Structures are given as structure tokens and as C-alpha cells.
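Asks: Got a structure for you, questions after.
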Amino acid sequence: EPEVTQTPSHQVTQMGQEVILRCVPISNHLYFYWYRQILGQKVEFLVSFYNNEISEKSEIFDDQFSVERPDGSNFTLKIRSTKLEDSAMYFCASGSWTGMGTEAFFGQGTRLTVV
Amino acid sequence: ELKVEQNPLFLSMQEGKNYTIYCNYSTTSDRLYWYRQDPGKSLESLFVLLSNGAVKQEGRLMASLDTKARLSTLHITAAVHDLSATYFCAVESGNQFYFGTGTSLTVIP
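Sequence lines, in order, name chains E and L.
Under our numbering, the first residue of the first sequence carries the number 22, and numbering increases by one thereafter.
Under our numbering, the first residue of the second sequence carries the number 405, and numbering increases by one thereafter.
This is the structure we're talking about:
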């Protein structure tokens, strides 16, 4: 069964460093999302992507964050100058339009720990 | 901003019992999803509800959607330990999913 793959599964970085989180979506999906979940808290939307463009982004997704599709298939989420409060589980999701709604499938997540 | 609220936040129930988790949302939408999350794991898609009155069942779980009341329910029948997890509802609006606060379910023998 096709699945969304994220790497690395766990990343530890020093405060102020840049990290790149990677995602391989399900092929032929056209909708892509990044979410994060601080431990024990709710799932927060970061950004959505459609047709190679950002379609929506949250207040969290400020200049510190960027998303790219470097090779036309994989996605990356770059976090510049990481802060302690960026420590969270970051989920990538890809989705397909069902005719009435978008069914999204989530990757296993990257646990980011900023020290 | 769209608000999605779930209750209860925490639920401890005995095996064999029935219970319902509620998901209320603050704006018109007819696209609602339920996900399951095990500790430290990803979000597993359970149900996709795309119209008013939609009802879907899988095993001991049944989900329904009332778009007029802006309410979805996840009903658990004869709970078993394997159902212990956190359950999230999510409302699709625009180009994102708005997640509820989650309901942490513990099924005890």
C-alpha cells in the first residue's frame, strides 16, 4: 500500500541551526501539507501546497520556515535558526481529491529536538 | 479562525462498554475526518465523512456527521484494549485541515 515517507525519523539540532525535513508523498497525489504537533498537544497546520505553489499557510509559518519541491516529487521543510520551541513532531501529508473532499495520508513524522 | 472542539478530552472506559466522542466545529463544512494516533506514532485515517447524514462503520467504531448541527460523533461499541489511542477529528476548510483537541481513550480490563 502506498505511503508517505518522512526522513529522518528523529533529528536533534542545536538552537540556531538550520534543519531540513524531507517527505516523499504518495505518487499522483496533488495536495501536500505540513503539520506539527508539540508533545501532547494538538496538531497544528503549517502550510499546504498545490500545483507546486503554497496554497495556504498559518501564522506559525513565518520567515523562519520554507517549503520546497527540489526534484518535482519530494518535499522539504526547512526551518532556519531553530528555537527551543520548534521542538515537535513534524508531519507531512499528501492527499487526493475524492470528488467531494480531500483524503489525506500522513507520514510517520520527524521528531525534531532542539537543544 | 475555525474552531474544532472535542469532548471528552480524556476517556477511561471498561472493556465491553459503549461510549461516544463528540466533535463540534464552528463553521459550515461538510468534510470531516477522524484519525487515530498511537503514542509517538503518526495519524492513521479512520473515516472520511463528506456529506450531511454520512455514517461509516469499521469494526467497533462508527462515525457520523450532522453538518447542520456542526457535529460529528465517533461511537465505540463494546470497547477492547486495542482501541486505546488518541482520536482526532479534523474539519477540511479551504486548503487545510483543522484538527480538534483530541480525545485520549484508555480501555481498561
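Ideal placement from N, C-alpha and C gives every residue a C-beta, glycine not left out.
On a predicted model such as this, the values are computed, not experimentally measured, just so you know.
Where does Glu-106(E) sit, in a helix, a strand or coil, going by DSSP?
Replies: Glu-106(E) falls in the helix class under three-state DSSP.
Asks: How about Ser-115(E): is its C-beta nearer than 8 Å to some C-beta of chain L?
Replies: Judged by the 8 Å Cβ criterion, Ser-115(E) is not in contact with chain L.
Asks: Can you name the residues of chain E whose CB is closer than 7 Å to the CB of Arg-464(L)?
Replies: The premise fails here: Arg-464(L) is roughly 22 Å from chain E at the closest Cβ pair, so nothing lies under 7 Å.
Asks: Within 10 Å of its beta-carbon, does Gly-420(L) have 16 or more other beta-carbons around it, so buried, or fewer, so exposed?
Replies: Gly-420(L) comes out exposed.
Asks: Rounded to whole angstroms, what is the Cα-Cα separation between Tyr-502(L) and Leu-67(E)?
Replies: Cα to Cα, Tyr-502(L) sits roughly 11 Å from Leu-67(E).
Asks: Any beta-carbon of chain L closer than 8 Å to the one on Glu-22(E)?
Replies: Not closer than 8 Å to any Cβ of chain L, the Cβ of Glu-22(E) fails to qualify, so no.
Asks: Distance cutoff 8 Å, beta carbons only. Does Asn-499(L) sit that close to anything in chain E?
Replies: At least one chain E Cβ lies under 8 Å of Asn-499(L).
Asks: Give every residue of the same chain whose Cβ lies closer than 7 Å to the Cβ of Asn-456(L), excluding the five residues on either side of it in the sequence, and list them in chain order.
Replies: Closer than 7 Å at Cβ, skipping near neighbours: Asp-434, Leu-469, Asp-470, Thr-471, Lys-472.
Asks: Hey, could you find the ends of the beta strand (DSSP E) Gln-38(E) is sitting in?
Replies: Note, Gln-38(E): premise wrong, no beta strand (DSSP E); not H, not E.
Asks: How many angstroms separate the CA atom of Phe-86(E) from the CA atom of Gly-463(L)?
Replies: Computed Cα separation, rounded: 41 Å.
Asks: For Asp-518(L), which three-state DSSP category applies?
Replies: Look at the range of chain L in this structure, 405 to 513, and you will see that residue 518(L) is not part of it.
Asks: Under a CB-based cut-off of 8 Å, is Arg-435(L) close to chain E?
Replies: Closer than 8 Å to some Cβ of chain E, the Cβ of Arg-435(L) qualifies, so yes.
Asks: Apart from the five residues just before and just after Gly-479(L), which ones in its own chain have a Cβ nearer than 6 Å to its Cβ?
Replies: Checking the sequence shown, residue 479(L) turns out to be His, not Gly. Answer for His-479(L): Thr-424, Met-466, listed in chain order.
Asks: With Thr-475(L) and Cys-427(L) assumed to form a contact (beta carbons below 8 Å), what rounded beta-carbon distance in angstroms separates them?
Replies: According to the sequence provided, residue 475(L) is Leu. The question's Thr does not apply to it. The pair is a contact, with the Cβ atoms about 7 Å apart (cut-off 8 Å).
Asks: Excluding the 5 residues preceding and the 5 following Ser-497(L) in the sequence, name in chain order all residues of the same chain whose CB lies nearer than 7 Å to its CB.
Replies: Within the same chain, Ser-497(L) has close Cβ partners Leu-406, Thr-431, Ser-433.
Asks: Of the choices Ser-416(L), Phe-414(L), Leu-436(L), whose alpha-carbon is the least far from that of Val-408(L)?
Replies: Of the candidates Ser-416(L), Phe-414(L), Leu-436(L), the one whose C-alpha sits nearest the C-alpha of Val-408(L) is Leu-436(L).
Asks: Is the Cβ-Cβ distance between Leu-413(L) and Thr-505(L) less than 8 Å?
Replies: Result yes, Cβ atoms of Leu-413(L) and Thr-505(L) sit closer than 8 Å.
Asks: Determine whether the Cβ of Ser-69(E) lies closer than 8 Å to any Cβ atom of chain L.
Replies: With 8 Å as the cut-off, Ser-69(E) counts as an interface residue toward chain L.
Asks: Check whether the Cβ of Glu-349(L) lies closer than 8 Å to any Cβ atom in chain E.
Replies: Residue 349(L) is absent from the model: chain L starts at 405 and stops at 513.
Asks: Out of Gly-37(E), Asn-72(E), Gly-61(E), state which residue places its alpha-carbon closest to the alpha-carbon of Gly-116(E).
Replies: Of the listed residues, the one whose Cα sits closest to Gly-116(E) is Asn-72(E).
Asks: How long is the line joining the alpha carbons of Ser-446(L) and Glu-124(E), rounded to whole angstroms?
Replies: Approximately 15 Å, taken between the alpha carbons.
Asks: May I have the straight-line CA-CA distance separating Ile-47(E) from Thr-119(E), to the nearest angstrom?
Replies: Rounded to the nearest angstrom, the two C-alpha atoms are 15 Å apart.
Asks: Quick check: the Cα distance between Tyr-54(E) and Ala-458(L), rounded to an integer number of angstroms?
Replies: So the alpha carbons of these two residues sit roughly 25 Å apart.
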